[in-house]
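**Q** The opening position of the sequence shown corresponds to residue 969 in this note's numbering, with each subsequent residue numbered one higher. Every residue gets a Cβ at the ideal spot worked out from N, C-alpha and C, and that includes glycine. What you are looking at is a predicted structure, and each value in this text was computed from that prediction instead of being measured.
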Amino acid sequence: MMRKPTMKCSGVAGSMSFAVDGVVFMSSVKREEPSWPDVAGLQDVLGYKFNDISLLETAVKHSSYAHERQAGDSNERLEFLGDSVLGVVIARALFDAHPAWAEGELTLSLQNLVDQRSLANLARDLEIGPFLRLGRTELQSGGVTKPGILSDAVEAILGAMYLDGGLEPVEKCLRRVFAGALDENAPRFVRDPKTRFQEWVMADTGAFPTYVCVNDSGVDGDENRFTVEVRLGDEGWGQGTARNKRMAERIAAIIALERLDAREAAEATDATDVITEEPVT
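1. Taking buried to mean at least 16 other C-beta atoms within 10 Å of its own C-beta, is Arg1218 buried or exposed?
2. Whole angstroms is fine: what's the gap from Ile1117's alpha carbon to Ala1039's?
3. In terms of DSSP beta bridges, what is Lys1029 paired with?
4. Nearest-angstrom Cα distance between Leu1081 and Leu1142?
5. Leu1046 and Thr1075 - do their beta-carbons sit closer together than 9 Å?
6. By a C-beta neighbour count over all protein chains shown, 10 Å radius and 16 as the cutoff for buried, is Arg1101 buried or exposed?
7. Could you give the DSSP three-state label for Ala1266: helix, strand or coil?
8. Counting beta carbon pairs with one atom in the stretch 1196-1206 and one in the stretch 1161-1176, are three or more of them shorter than 8 Å?
9. Round the Cβ separation of His1030 and Asn1043 to the nearest angstrom and send it over; I've been treating them as touching at under 8 Å.
10. If we ignore side chains and look at the alpha-carbon of each, how far apart do Arg1159 and Gly1208 end up?
11. Could you compute how far the alpha carbon of Met1129 sits from the alpha carbon of Cys1181?
12. Between Asp1188 and Arg1211, what straight-line distance do the alpha-carbon atoms span, to the nearest angstrom?
13. Once you ignore the five residues that flank Ala1088 on each side, which residues in its own chain have a CB closer than 7 Å to its CB?
14. I'd like the span of the beta strand (DSSP E) that includes Arg1085, first residue to last.
15. Drop a sphere of 10 angstroms on the beta-carbon of Pro1265, count the other beta-carbons inside from all chains shown, and report buried for 16 or more, exposed for fewer.
16. Quick check on Trp1205: does DSSP put it in helix, strand or coil?
17. On the premise that Leu1054 lies in contact with Leu1126, defined as a C-beta separation below 8 Å, what is that separation, rounded to the nearest angstrom?
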């Protein structure tokens, strides 16, 4: 009588193994490919039709996707360009909208409008996330919601718009999406950084940040500049310089928030690195 062979099966994502009488066989299981909406639909969101749609396609291509699929350039170079274009356009818009503002108020508002949190929120409002091409690891770790990835994508898209049509379409887009923020009064921008940083410190440590004037030569309001450092305990987190102490404190808070953003981005990268990237089959 012929013995009936014994079979044992096991599997992991992307492959399956089975054994017949101790002989192991491997079979490949085709994984479902991620799907993204047509990038052309992003043009309606931006209010601009590209002459060269490939620029927009590159702008939404994260480095993880480009590396994983060997899909040409990522959006990093466009991000570099877009960062500078964004700063110029918003600085000019603030300059035109607020002729009575001093340099410190303009600087503080500019930093608030173009920081990572602001740009990430803009990306969420415009629903840019679903258009971003990410590698599998980034997708699995929620990359479409990460502030760093979202803000970088906004800058890359602006860089693509600038290359495609010059400064005019970028100005029109930004003045439209930032219209309310540009027209509002200074107090929102002046007060917000210190409040935001204090909220984080309280939630993380239960303590309060302190602001120490490290250069107090002069009187508030004159041409001298005051430098204030925001500290957590004995550790300095950022310094701000302005013509009065209050504005210097607020600029210091923005620097501290930028440092916090960089730390959170580094922690997110470390968390991503522990996820093993599976080969595309």
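**A** So, to answer that:
1. So Arg1218 counts as buried.
2. When only Cα atoms are considered, Ile1117 and Ala1039 end up about 18 Å apart.
3. DSSP lists Arg1101 as partners of Lys1029.
4. Cα to Cα, the separation comes out at about 11 Å.
5. Taking a C-beta distance under 9 Å as the contact criterion, Thr1075 and Leu1046 do not qualify as a contact pair.
6. Buried is the call here.
7. For the chain, the structure presents residues 969 to 1249; residue 1266 sits outside this window and is missing.
8. The stretch 1161-1176 vs the stretch 1196-1206: in contact.
9. Between His1030 and Asn1043 the beta-carbon gap is near 7 Å, inside 8 Å, which marks them as a contact.
10. With a pLDDT of 42 at Arg1159, under the threshold of 50, the modelled position of this residue cannot be trusted; read the value that follows with caution. Distance between the alpha carbons of Arg1159 and Gly1208: 14 Å.
11. So the two alpha carbons sit approximately 43 Å from each other.
12. Any reading at Asp1188 must be qualified, since the residue scores a pLDDT of 49, below 50, and its modelled position is unreliable; the value itself is stated next. Between the alpha carbons of Asp1188 and Arg1211 lies a gap of roughly 7 Å.
13. Answer for Ala1088: Pro1115, Leu1118, Ser1119, listed in chain order.
14. Going by DSSP, Arg1085 is part of no beta strand (DSSP E) but of the alpha helix (DSSP H) stretching over 1084-1093.
15. Residue 1265 lies beyond the range of the chain shown here (969 to 1249); nothing can be said about it.
16. In the structure shown, Trp1205 falls within a strand segment according to DSSP collapsed to helix, strand and coil.
17. The pair is a contact, with the Cβ atoms about 5 Å apart (cut-off 8 Å).
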